[in-house]
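Residue numbers (my numbering): 35 to 135.
Here it is in structure tokens:
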């Protein structure tokens with residue numbers, strides 16, 4: 035099929051990784067993934083690849099699964115509040131521990 039669909043590309047990649055795992059070992063398959071997939075993805079913006087509808091719910095699910103408190107958003111910095119383009123920096127905390135901003 036030309037051009038190949040996303041499903042065909044995904045199945046081909048999985049087949050390559052499976053064949054490499056069978057013919058060599060998991061270490062070589064991991065290196066293949068690192069060198070070809072992760073190196074390519076590292077150059078892209080994560081929001082282009084994955085943009086979840088409810089990211090805070092996903093994060094809270096992970097935190098709850100790991101036995102931690104849900105994330106608490108806090109305003110940690112502002113700039114240009116009285117201008118046309120104000121900037122707000124929000125931090126995420128779990129049990130008073132900084133997670134991200």
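We treat Cβ as the ideally placed atom computed from N, Cα and C, and that holds for glycine.
Residue 106 beta carbon less than 8 Å from that of residue 97: no
Cβ pair residue 54, residue 44 closer than 8 Å: no
Backbone secondary structure at residue 126 - three-state DSSP: strand
Limits of the unbroken alpha helix (DSSP H) element including residue 41: 40–57
DSSP beta-bridge partners of residue 98: Answer is none; residue 98 lacks a bridge partner.
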